[in-house]
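Data first, discussion second: the structure below is written as structure tokens.
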Amino acid sequence: MSNLSSTKNTIEKILRPLDRLSANPNARRVTYAVALIFFVSMILIPPIIGVVLKWNLIGDTLQNPILVARAESAILASFAIASIVSILDLIAGLPTAWFIVRRKAKWINVVDTLADIPFVIPTVALGFSILVFWSQPQGISGLLRIESLISPGLGLIMLLHFAFSYPIIVRIMVGELQSYDQVYEIAGRTLGASSLTAARTITLPILKPALVSAFLLAFCRSLSETGATAVVAGAFENGPIFIRNALSSVPPQQGPMVLVSLVLIVTSCAIFAFISILGPRLRFPVKKVWPNFEKRLSNPKSTLGRDGLALIVFAIFVAIPSLFVALPGIIAFTDGTVVAAFTGAGVWGVYWGSLLTSYVVALAATLMNLLVGFPMAVIITRRKFGTQVTALLNALISIPITIPSVALGVSLSLFWTAFGNLPELWTLILVHTTITYTYFVQAMAAAIESVPEELESVARTLGAHPFETFRKILIPLTKYSIFSGAIMVLTRSVDETGATTAVLAATSQIKTAPVLLVNWIRNPASVGGQSVVGLGVLFLVLTTFISLLVIRLVLRRER
Amino acid sequence: MPEVRLSEVSKSFGRIEAIHHFDLEIKSGEYICVLGPTGSGKTTLLRLIAGLICPDDGKITFDGKLVNDLSPEERDIAYFPQQYALFPHLNVLENVAFGPKTRGVAYEEAKTQALKVLETVKLDQRANAFPRELSGGMQQRVALARALASGAKLLLLDEPLGALDARLRVELRYHIKSLVKSAGLTAIHVTHDQREAMIVADRIVVLRMGKVEQVGTPYHIYQSPATLFVANFVGETNFLEGTIKSVNSVGALVELQDGFRVKVQETSYLSGEEVVLAIRQELTSLMPVDYDGENAIQGEVKAVRFLGDSIRVEVILVNNLLISARIPISQVKIYPKVKDKVAISFKPADVFVFCTTARGLAKEIEVI
Ligand SMILES: Nc1ncnc2c1ncn2[C@@H]1O[C@H](COP(=O)(O)OP(=O)(O)OP(=O)(O)O)[C@@H](O)[C@H]1O
Ligand SMILES: [Mg+2]
């Protein structure tokens, strides 16, 4: 006890000079300026400049009509898949979210938890699961006694993207519906609207911003996904797979790679800006009401039908295919693969090494985010640079998650090799910092937003210096969010495949676990068969699972 | 104890001038109320004095020392924000001990001090509770204790009673004032409630759109409002527009619309000038319809409102003007009914006379 308080005192003594330093407005300005400069020079500029540096490589590619045609169809495929899948996800996810929030039965919690599964599983593992379920003998094809119900290609990509975007929509809409004040809808109902009419004309228009951002997130995620897509793509190419193929050909085809990256970067930013601006102006068709028709659709039977359909879609296309991730891993327990895995024999040595690399990189990226992302979140929420700059920063923050990650990786890798000739591992850490920066800053900004500024004002007038206020008021009040934000960054980084593939040359000694696993899944024979692959995937899933379990526990403590 | 002086202080947010060339001198130990409608700049004024925002222009001094560039933690003040802002992660005792601790008092000593202050607000029993476990009135008292325990000599209270229910407001306003006075502090108390200001203030500053309308003791402000706005905002007042017909050594004659004439005691106007008369509702009397004393005008009762300790009778006069009279319940002999024929009257000495302005009466007295 006395030991604890004396440690506390020592820490206090060390921090005192910092407290006093923070009383100087210039010291504060420097802190914020550093965070801002880091953002601009390390996060914002490199992804844009990298491809522009290699601009000259594009010329040759444009001369080659076959290559251009291939690139064109790949890019179009990316956008088509992203739009179709996001719309389908909205249609399927919204009723499920509604159902989770509004139905009051115990078993709904099960649906709620199951809906998160594709979230919790690393995307590479999800890709593997979908592949096994739809097109391999252990899955549904085996049940139907056909070789492969849906073989790798466009169809399987769509099924995969549908599955991993689904929880994004459900999670966002469940959150929104829970915090949505039902009085408006109830007011509408008492004025004679059927439940469908009230939902359509009152609730959904109010929740429009959330719908737009859910759509955008699903869209960007689909546009960006590389690792899992590579697993299920077969010979099909969308943008990221095109880049991946260009990267892995020997020697790497830099021209086409730069071309497609550039186009993807520019178009995705343009589309993001377009939807962000247009979204708020979009209006729901609320004028027309068809009372009888909508009343009929609101009766218990129709509602039951709708909910049932939503659940069936969820089960067949999301839940069951995702659960297949465990099957090959479990088989591995029966055939002795597990023993080999733990002794680290053969391919397993490389595997454990790659898992270690993954976590080292993830930890480093998390640390970077804590150091420079947190001040940035303060800058944004407390409007340190005025309202207009804040709005601009807020928009710019989203750029790293808007750009498809493999294109981002290509650009960043070109940038960091051109400037400073960084070792691969360092480049990798920077790339992972960039990829996770948006998530971290946005999560921290939301947490800080929930702390009233008045609390800090009062602390200041009671004699606390700015840094003292920061560590005694802001940090304690946001510590759970900081912790879960950090773990989110960690898991996201461990999961990352696209940008990582772009940074690590095909011949590189360094491999992260998901990158290694993509190769294993695409070529199981090279490592000794399906059960080795399955077990490798299962281990990755388990580590992620543990991280996310920790978040849940922490967040529960917060409440 | 500090003497606070603001001279020519201005603060804008974009195009909104929240505080405009503001001058005020506060004596040590004084209890000042800043009274103004919503959006008039009351909170901004307090935040300027607290150092949470910087003035664009002008000087703020404490005891003659310029504090414009002093940060909030160096000003030795205690700020009591509109929503209390109790630290949710600290319990009551730690909240109250926060001030002494940051000012360098040792941990145990700070706790003892805090406990003593908690006793004065009768919350020492709840020292280990967290803010969310307390009722609104208790939270308010903790916030007050936290401000008092900080040892600051200048207390800045932003609507300290605003979030409480009507009954508690009335009880706690005396409590706050006596605590402040017995600790010998200087206090600036912001409110939009004129009754509260009247009761607790040594002096009232009436604020409107970032400018001082009038400064004075509550009695002075009630007795001689400087502007139409003050006449309307402080107290309940009837307004009548008219023209000065004649002036002599004891008073003037004012012609209202439709030729009605009333006497006033004011002599500083010239014949022909357009004026606005303001008459307190409680100084307006209700008379039988055949009353023919001074300043009597006939009319018909339009509405009667029961206010608890008094009634308010709205009378529509024969010249179509509307006037209200407030009568203490003890003086109501016959309860008036709608459509009753009555007369109203008022003493020439009770009429305030103001010049009409280009902006018009309605604009001059509007509170938003
Ligand atoms: N940080 C700010 N940014 C922009 N405008 C502001 C800011 N703070 C205050 N204002 C504006 O300054 C004016 C005065 O605001 P202030 O909060 O001081 O009013 P108030 O008298 O305290 O009102 P209330 O009684 O509602 O609390 C308002 O028009 C307000 O919109
Ligand atoms: Mg205010």
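For the record, the sequence lines run as chains A and B.
Per this note's numbering, numbering through the first sequence is continuous, rising by one, with the last residue being 678.
Per this note's numbering, numbering through the second sequence is continuous, rising by one, with the last residue being 370.
Even for Gly, the Cβ is constructed at its ideal location relative to N, Cα and C.
At a cut-off of 9 Å between beta carbons, Tyr-33 of chain B makes no contact with chain A. Contact annotation for Arg-579 of chain A against chain B: Ala-52, Gly-53, Leu-54, Ser-73, Pro-74, Glu-75 and Tyr-81 [CB-CB distance below 9 Å, chain order]. Around Ile-55 of chain B, the same chain offers Lys-13, Thr-46 and Arg-49 as residues with beta carbons nearer than 8 Å, after the five sequence neighbours per side are excluded.
In the DSSP annotation of this structure, the continuous segment of the alpha helix (DSSP H) that includes Val-220 of chain A starts and ends at 184 to 221.
The beta-carbon distance between Ala-337 of chain A and Asp-208 of chain A, rounded to whole angstroms, is 5 Å. This is short enough to meet the 8 Å contact definition.
Between ligand 1 and the CB of Asp-167 of chain B, the shortest heavy atom gap is not smaller than 8 Å. Not a single C-beta of chain A is nearer than 9 Å to the C-beta of Gly-138 of chain B. Judged by pairs of C-beta atoms under 8 Å, the segment 540 to 553 of chain A touches the segment 470 to 480 of chain A, as three or more such pairs exist.
Boundaries of the alpha helix (DSSP H) harbouring Pro-447 of chain A: 445 to 453, taken from the DSSP string.
When the Cα atoms are used, Gln-628 of chain A and Glu-304 of chain A turn out to be separated by approximately 59 Å.
Leu-672 of chain A is classed as exposed because its beta carbon has fewer than 16 other beta carbons within 10 Å across all chains shown. For Ser-152 of chain B, the residues of chain A that pass the 9 Å Cβ criterion are Thr-580, Leu-581 and Gly-582, in the order they occur in the chain. About 6 Å separates the beta carbon of Pro-440 of chain A from that of Ala-282 of chain A, a gap short enough to meet the 8 Å contact definition. Of the heavy atoms belonging to ligand 1, none sits nearer than 8 Å to the Cβ of Val-249 of chain B. Taking 9 Å as the cut-off, the Cβ atoms of Asn-321 of chain B and Phe-262 of chain B count as close. Nearest Cα to Leu-181 of chain B within the set B:Gln-259, B:Glu-76 and B:Leu-150: B:Leu-150. Per DSSP, Asn-97 of chain B is one residue of the alpha helix (DSSP H) stretching across 94 to 104. For His-177 of chain B, not one C-beta of chain A is nearer than 9 Å to its own C-beta. In this model, Ile-384 of chain A and Ser-524 of chain A are separated by some 9 Å (Cα to Cα).
Using a CB distance cut-off of 9 Å, Leu-158 of chain B counts as an interface residue toward chain A. Rounded to the nearest whole angstrom, the C-alpha separation of Ala-305 of chain B and Ala-327 of chain B is 11 Å. Using a CB distance cut-off of 9 Å, Arg-49 of chain B counts as an interface residue toward chain A. Only those residues of the segment 85 to 99 of chain B whose C-beta falls short of 8 Å from the nearest C-beta of chain A are listed: Gln-85, Ala-87, Phe-89, Pro-90 and His-91. Our two residues, Gly-448 of chain A and Asn-513 of chain A, have alpha carbons roughly 43 Å apart in a direct line.
Distance from the C-beta of Val-192 of chain B to the nearest heavy atom of ligand 1 is below 8 Å.
Taking 9 Å as the cut-off, the beta carbon of Met-495 of chain A is found closer than this to the beta carbon of Leu-155 of chain A. When the beta-carbon positions are compared, Ala-451 of chain A and Val-457 of chain A come within less than 9 Å of each other. With a threshold of 8 Å, the Cβ atom of Glu-573 of chain A does not count as near ligand 2, since no heavy atom of the ligand is closer than that. Within the segment 598 to 646 of chain A, the complete alpha helix (DSSP H) segments of 4 residues or longer fall at 617 to 622 and 632 to 641, listed in chain order. Here the segment 133 to 142 of chain A does not lie against the segment 332 to 346 of chain A, with fewer than 3 beta-carbon pairs under 8 Å apart. Glu-316 of chain B: member of the beta strand (DSSP E) spanning 312 to 319, first to last residue. For the segment 179 to 204 of chain B, the beta-carbon criterion of a distance under 8 Å to any beta-carbon of chain A is satisfied by none of its residues. Taking a Cβ-Cβ cut-off of 7 Å, Pro-519 of chain A has no neighbours in chain B, whose nearest Cβ is about 32 Å from it. As DSSP reads the structure, Glu-27 of chain B sits in a beta bridge with B:Arg-7. With a cut-off of 8 Å, the C-beta of Lys-44 of chain B is classified as near ligand 1, since at least one heavy atom of the ligand falls inside that distance. Counting along the chain, Cys-388 of chain A sits inside the alpha helix (DSSP H) bounded by residues 373 to 397.
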